[in-house]
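Residue numbers (this note's numbering): 1 to 368.
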């Protein structure tokens, strides 16, 4: 793998010679953890829907042997999915799950930081989302921090994924402070990417609020973000899942489901399968698997029980506007013309005419 990251004074090319050089210059164990060296020996996923939340969470973490993943001196970064400025069933990560998780992690990790970026197109700030999900109260209760990534200095990371070199923005602190990354997404469909689970949740680590301009090659960019953040624990919140028109305006479905894994690709593969989707048909999961970031074949994953018991067929709905949105979603040039040019205001007026009444009502709640 060739990885070029501008860290100011440090440029790291993650080839074997450079890795050896990094080992000499920096803490060998930390470099290994940051660069994803020494992957898990067994990919494990836990899935359950009948037990109380705390019991499911404890059993799930036990199944993946979390104490071997998080050390007592680790700085843990926790990334929920806050795609809405307040808690919304099936759309954002449950504050109850976060509270239960923090209660467990705080007794082991030396430091915990919850991270999120501002909402796309600057619709709301991460700080507003923190308040809307009760994060300041949790920070005070557990003595932890919450950081808005959009306020942090950022840098660019490049890597060749498949046949193309892609680039993403990341916070500068990434290689130095993150000992263990815990991803806490929601089980939901997505109008552009089919599902939004652990890998897709990493897009919220892109600190630029105008990240909608950079969706081109998103499947490869998500693979790069997966390499960089290297989530060691993925907890998919299926308390309420989202069906229909995700990722924000679908129908919440109460499932009381929790999926806990020690690899984000394995967790997503199980999650997608439970939703009735073949993970091989979900491009960002397939690309991540092709990059050897985790297994897509469920036969390669140690699951605590038969995952088929939890299956529910999810629908996938695209509106006419969604189909139009696919064009800028796959073209950075068109995205910049539509979202960040002198034509933007006129295009928005045209889009408002196309929107259905239900979409306008949903969007009104999102903006306000």
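Heads up, the beta-carbon is just placed ideally off N, CA and C, and yes, glycines get one too.
- In terms of CA proximity to residue 135, 97 leads the group 199, 309 and 97.
- Per the coordinates, the alpha-carbon of residue 169 lies some 26 Å from the alpha-carbon of residue 132.
- By the C-beta density criterion, residue 297 is exposed, having fewer than 16 other C-beta atoms within 10 angstroms.
- Contact between residue 81 and residue 93 holds, with the beta-carbon distance rounding to 5 Å and staying under 8 Å.
- Taken through DSSP and simplified to helix, strand or coil, residue 278 comes out as coil.
- For residue 210 and residue 287, the gap between their C-alpha atoms comes out near 24 Å.
- By the neighbour-count criterion, in which 16 or more other beta carbons inside 10 Å mark a residue as buried, residue 41 falls on the exposed side.
- Boundaries of the beta strand (DSSP E) around residue 112: 111-116.
- Contact between residue 260 and residue 60 holds: their C-beta atoms lie close to 3 Å from each other, under 8 Å.
- DSSP places residue 198 in the uninterrupted alpha helix (DSSP H) bounded by 198-201.
- For residue 80, the three-state secondary structure derived from DSSP is strand.
- Residue 196 is positioned such that its CB atom lies no closer than 8 Å to that of residue 207.
- With contact defined as three or more Cβ pairs closer than 8 Å, the region 111-118 and the region 213-221 are not in contact.
- When secondary structure is reduced to three states using DSSP, residue 308 falls in the helix class.
- When DSSP states are grouped into helix, strand and coil, residue 141 belongs to the helix group.
- Put simply, the region 232-250 does not touch the region 279-286. Fewer than three CB pairs are less than 8 Å apart.
- Residue state for residue 316 is assigned as strand, using DSSP reduced to three classes.
- For residue 126, the uninterrupted alpha helix (DSSP H) run begins and ends at 126-132, by DSSP.
- DSSP places residue 349 inside the alpha helix (DSSP H), whose first and last residues are 344-354.
- Residue 172 sits in coil when the DSSP states are folded into three classes, being neither helix nor strand.
- Between residue 250 and residue 189, the beta carbon gap of about 6 Å places them in contact (Cβ cut-off 8 Å).
- Note on residue 344: under 16 other CB atoms within 10 angstroms of its CB, so exposed under the neighbour-count rule.
- The beta carbon of residue 69 is closer than 7 Å to those of 180, 232, 233 and 262 in its chain, skipping five residues each way along the sequence.
- Between the alpha carbons of residue 52 and residue 256 lies a gap of roughly 9 Å.
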